[in-house]
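Participant:
There are 2 protein chains.
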Amino acid sequence: MDKILFLLGLIRNADMYGYQINELLDSHFDIIVSITRPTAYRLLNKMTADGWISFREEQIGNRPPRKVFSITPKGEDAFQKILRQSLVNYSPSQQSSAVSLAFLRTLPADELLPLLTERRRLVQELLRKLGEGEQHQGDFHLLFEHQRQHFETELTWTEDMIARVQAESLG
Amino acid sequence: MDKILFLLGLIRNADMYGYQINELLDSHFDIIVSITRPTAYRLLNKMTADGWISFREEQIGNRPPRKVFSITPKGEDAFQKILRQSLVNYSPSQQSSAVSLAFLRTLPADELLPLLTERRRLVQELLRKLGEGEQHQGDFHLLFEHQRQHFETELTWTEDMIARVQAESLG
DNA sequence: GGAGACATGTAAAGGGTTACATGATTTG
DNA sequence: CAAATCATGTAACCCTTTACATGTCTCC
Numbered sequence: 001m002d003k004i005l006f007l008l009g010l011i012r013n014a015d016m017y018g019y020q021i022n023e024l025l026d027s028h029f030d031i032i033v034s035i036t037r038p039t040a041y042r043l044l045n046k047m048t049a050d051g052w053i054s055f056r057e058e059q060i061g062n063r064p065p066r067k068v069f070s071i072t073p074k075g076e077d078a079f080q081k082i083l084r085q086s087l088v089n090y091s092p093s094q095q096s097s098a099v100s101l102a103f104l105r106t107l108p109a110d111e112l113l114p115l116l117t118e119r120r121r122l123v124q125e126l127l128r129k130l131g132e133g134e135q136h137q138g139d140f141h142l143l144f145e146h147q148r149q150h151f152e153t154e155l156t157w158t159e160d161m162i163a164r165v166q167a168e169s170l171g
Numbered sequence: 172m173d174k175i176l177f178l179l180g181l182i183r184n185a186d187m188y189g190y191q192i193n194e195l196l197d198s199h200f201d202i203i204v205s206i207t208r209p210t211a212y213r214l215l216n217k218m219t220a221d222g223w224i225s226f227r228e229e230q231i232g233n234r235p236p237r238k239v240f241s242i243t244p245k246g247e248d249a250f251q252k253i254l255r256q257s258l259v260n261y262s263p264s265q266q267s268s269a270v271s272l273a274f275l276r277t278l279p280a281d282e283l284l285p286l287l288t289e290r291r292r293l294v295q296e297l298l299r300k301l302g303e304g305e306q307h308q309g310d311f312h313l314l315f316e317h318q319r320q321h322f323e324t325e326l327t328w329t330e331d332m333i334a335r336v337q338a339e340s341l342g
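Residue numbers (this note's numbering), protein chains in the order written: chain A, 1 to 171; chain B, 172 to 342.
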């Protein structure tokens, strides 16, 4: 449902064609929502079939024609409804990558430290990438801000963990 | 892969049967990993087929017999491998419920406030539930601690948002 | 004797990903 | 003229969820 909400929200913000949406997803939003190309096209087609969005064909020169989607009144209703539902239906984050943290302690310190350091690097990279995206997408500012705070929490956690493991291996 | 890692880690910690695992998942770990009953059984069967775990049947009285699973050497290898991979493969949290935050601003303040307040209540409830679980599952202490920090980030964010919206609607 | 806990699953349907397919156009 | 970009999708496969199925035991 979150994928549909996001796509619908994008189109609601400004008319868009599939390729353009996929570009956006790949370049900036992959940090926040994971929607692959085929899924995006499938959902766009589904929403068209359901009458939530409609499209006009646009062609520039001899390029393959684009389907430029706009939201319909029915789609606007759906958007409003899903948005309200979704705001209240908070469910825990289910970070698949968090499960491994449960079993950290099975690894010896000398193996653990490089792994945690690499993990920290990844989080830092994501934070950097988030910063880039933030500048381009003023409309989605809140979403980026929210994600940033979670990344920062993750970074702090990882750094604390590294410090703890180091302290133990020295002591 | 995280579901398998978790199940494998549970069994590695102590021999367990399916029902028991599902009870644990339902009562304490649903906040952290989402594995439904059928999925748990399927994965247990799959890991058995792959030789990662083995089971002995145990029967008490005339009750339906239990399959008590233990990890095999092959399973231990898999566990070690997946754990290392998974620690380093950090990927963004993909909270499905976060997407809606992008479109907060489409709602008028008088509708937004109750929704946000309800969302805050949900987060607080999850924090409380996490506290209960923490006492029972000392082995998974790190995982709970990690999740707690993300919940607290979420709570802070939500409270800030509520304050912001209130300030705006007053000013 | 009925409700709820104990114990294991299957079936159907939906949703997502990876890899594949197609063809024109611009850029180096 | 080759490579990347533009533009849209399909097919096969895998994974997950919801609902269904089955039967015993214990407690009230």
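All C-beta atoms, glycine included, are put in the ideal place defined by N, C-alpha and C.
Here's the rule I'm using: 16 or more other beta-carbon atoms within 10 Å means buried, otherwise exposed. How should B:S198 be labelled?
Facilitator: Here residue 198 of chain B corresponds to residue number 27 of the second sequence, with the count starting at 1. Its Cβ having fewer than 16 others within 10 Å, B:S198 is exposed.
Participant: B:V204 by DSSP, collapsed to three states: which one?
Facilitator: Mapped onto the second sequence, residue 204 of chain B falls at position 33. Note: B:V204 maps to coil in three-state DSSP.
Participant: Answer yes or no: does any C-beta atom of chain A fall closer than 8 Å to that of B:V294?
Facilitator: Numbered from 1 along the second sequence, position 123 holds the residue referred to as residue 294 of chain B. Answer yes: the Cβ-Cβ gap between B:V294 and chain A drops below 8 Å somewhere.
Participant: Looking at chain A, is there any beta carbon in it that lies within less than 8 Å of the beta carbon of B:L275?
Facilitator: Taking the second sequence and counting its residues from 1, the one referred to as residue 275 of chain B is at position 104. B:L275 counts as touching chain A.
Participant: Take every Cβ of the segment 234-246 of chain B, pair it with every Cβ of the segment 45-54 of chain A, and state whether three or more of those distances are shorter than 8 Å.
Facilitator: No, the segment 234-246 of chain B is not in contact with the segment 45-54 of chain A.
Participant: For A:F6, which residues in chain B fall below 8 Å Cβ to Cβ?
Facilitator: Taking the first sequence and counting its residues from 1, the one referred to as residue 6 of chain A is at position 6. Within chain B, the residues near A:F6 are V270 and A273.
Participant: Measure the C-alpha to C-alpha separation of B:A273 and A:L7 and round it to an integer number of angstroms.
Facilitator: Residue mapping note: residue 273 of chain B aligns to position 102 of the second sequence, counting from 1. Residue mapping note: residue 7 of chain A aligns to position 7 of the first sequence, counting from 1. For B:A273 and A:L7, the distance between alpha carbons rounds to 12 Å.
Participant: Can you give the beta carbon distance from B:L176 to A:S93, rounded, assuming they're within the 8 Å contact cut?
Facilitator: What you label residue 176 of chain B is simply residue 5 of the second sequence in a count that begins at 1. What you label residue 93 of chain A is simply residue 93 of the first sequence in a count that begins at 1. Rounded, the Cβ-Cβ distance is 17 Å, inconsistent with contact.
Participant: Give the range of the beta strand (DSSP E) segment to which A:I71 is assigned.
Facilitator: For the purposes of this step, residue 71 of chain A is taken as residue 71 along the first sequence, with counting starting at 1. Its beta strand (DSSP E) spans residues R66 to I71.
Participant: Of all Cβ atoms in chain A, is any one closer than 8 Å to the Cβ of B:Q265?
Facilitator: If you number the second sequence from 1, residue 265 of chain B lands on position 94. Yes, its Cβ sits closer than 8 Å to a Cβ of chain A.
Participant: By DSSP, does B:Y188 sit in helix, in strand, or in coil?
Facilitator: Looking up residue 188 of chain B in the second sequence gives position 17. Looking at B:Y188 - three-state DSSP - the assignment turns out to be strand.
Participant: Is it buried or exposed for B:E325, if we count other Cβ within 10 angstroms and need 16 for buried?
Facilitator: Against the second sequence, residue 325 of chain B aligns to sequence position 154. Under this definition B:E325 is a buried residue.
Participant: I need the DSSP call for B:S262, collapsed to helix, strand or coil.
Facilitator: Counting from one through the second sequence, the residue named residue 262 of chain B turns up at place 91. If DSSP states are grouped into helix, strand and coil, B:S262 belongs with coil.
Participant: Below 8 Å on the Cβ atoms is my guess for B:M172 versus B:I253; work out the distance and round it to an integer in Å.
Facilitator: By 1-based counting over the second sequence, the position of residue 172 of chain B is 1. By 1-based counting over the second sequence, the position of residue 253 of chain B is 82. Correct: roughly 6 Å between the Cβ atoms.
Participant: Taking B:I224 as part of the beta strand (DSSP E), name the residues at either end of that continuous run.
Facilitator: Numbered from its first residue, the second sequence carries residue 224 of chain B at position 53. Looking at the DSSP string, the run of the beta strand (DSSP E) that includes B:I224 is I224 to E229.
Participant: With DSSP run on the structure shown, which of helix, strand or coil describes B:P285?
Facilitator: Numbered from its first residue, the second sequence carries residue 285 of chain B at position 114. Note: B:P285 maps to helix in three-state DSSP.
Participant: Using a C-beta cutoff of 8 Å, does A:F69 count as contacting chain B?
Facilitator: Residue numbering aside, residue 69 of chain A sits at position 69 when the first sequence is read from its first letter. False, the Cβ-Cβ gap to chain B never drops below 8 Å.
Participant: Taking Cβ positions only, does B:L215 come closer than 8 Å to chain A?
Facilitator: The count along the second sequence starts at 1 and reaches residue 215 of chain B at position 44. Chain A, which has no Cβ nearer than 8 Å to the Cβ of B:L215, makes this no.
Participant: Going by beta-carbon coordinates alone, are B:K174 and B:L214 separated by less than 8 Å?
Facilitator: Stepping through the second sequence from its first residue, residue 174 of chain B is reached at position 3. Stepping through the second sequence from its first residue, residue 214 of chain B is reached at position 43. Yes, the pair counts as a contact, with Cβ atoms nearer than the cut-off.
Participant: Judging by CA-CA distance, which residue of A:M161, A:G171, A:L10 and A:N62 is the nearest neighbour of A:L115?
Facilitator: Your numbering for residue 115 of chain A matches position 115 in the first sequence. Taking only the C-alpha atoms, the option nearest A:L115 is A:M161.
Participant: Tell me the DSSP secondary structure of A:L155 in three-state form.
Facilitator: Here residue 155 of chain A is taken as the residue at index 155 of the first sequence, counted from 1. Looking at A:L155 - three-state DSSP - the assignment turns out to be helix.
Participant: A:A40: buried (16+ other C-beta within 10 angstroms of its C-beta) or exposed?
Facilitator: Taking the first residue of the first sequence as position 1, residue 40 of chain A is located at position 40. Counting Cβ neighbours within 10 Å, A:A40 comes out buried, since at least 16 surround it.
Participant: Compare the C-beta of B:S262 against all C-beta atoms of chain A and say whether one is closer than 8 Å.
Facilitator: What you label residue 262 of chain B is simply residue 91 of the second sequence in a count that begins at 1. Cβ-Cβ to chain A under 8 Å: yes for B:S262.
Participant: Scan the segment 195-210 of chain B for residues whose Cβ lies nearer than 9 Å to a Cβ of chain A and list them as they occur along the chain.
Facilitator: So the list reads D201, I202, I203, V204 and S205, given in the order they occur along the chain.
Participant: Would you say A:E57 faces chain B, with C-beta separation under 8 Å as the test?
Facilitator: Mapped onto the first sequence, residue 57 of chain A falls at position 57. No, A:E57 lies away from the interface with chain B (no Cβ there is under 8 Å from its Cβ).
Participant: Going by DSSP in three states, B:R213 sits in which element: helix, strand or coil?
Facilitator: As a position in the second sequence, residue 213 of chain B is number 42, starting the count at 1. The answer is helix: DSSP assigns B:R213 an H, G or I state.
Participant: For the candidate residues B:P209, B:S205, B:V204 and B:F226, whose alpha-carbon lies nearest to that of B:A185?
Facilitator: In the second sequence, the residue the question calls residue 185 of chain B occupies position 14. Here the closest residue by C-alpha is B:F226.
Participant: Step through the CB atoms of chain A and report whether any lies within less than 8 Å of the CB of B:Q337.
Facilitator: Reading the second sequence from its first residue, position 166 is the one you call residue 337 of chain B. It does not: the Cβ of B:Q337 has no partner Cβ on chain A nearer than 8 Å.
Participant: According to the Cβ coordinates, are B:H321 and A:H150 closer than 8 Å?
Facilitator: If you number the second sequence from 1, residue 321 of chain B lands on position 150. If you number the first sequence from 1, residue 150 of chain A lands on position 150. In this structure, A:H150 lies closer than 8 Å to B:H321 by Cβ.
Participant: When you compare the CB of A:S86 with every CB in chain B, is at least one pair closer than 8 Å?
Facilitator: On the first sequence, position 86 is the one that residue 86 of chain A refers to. Judged by the 8 Å Cβ criterion, A:S86 is in contact with chain B.
Participant: Please tell me whether A:I31 and A:G133 are closer than 8 Å, where the distance is taken between their beta carbons.
Facilitator: Residue numbering aside, residue 31 of chain A sits at position 31 when the first sequence is read from its first letter. Residue numbering aside, residue 133 of chain A sits at position 133 when the first sequence is read from its first letter. In this structure, A:G133 lies closer than 8 Å to A:I31 by Cβ.
Participant: Tell me whether the beta-carbon of B:L283 lies closer than 8 Å to the beta-carbon of B:L275.
Facilitator: Working through the second sequence from its first residue, we reach residue 283 of chain B at position 112. Working through the second sequence from its first residue, we reach residue 275 of chain B at position 104. Contact: yes.
Participant: Restricting to Cα atoms, I'd like to know which of B:S267, B:T288, B:N233 and B:V259 is closest to B:R335.
Facilitator: The residue labelled residue 335 of chain B in the question sits at position 164 within the second sequence. Looking at the Cα atoms, B:T288 is the closest of the given residues.
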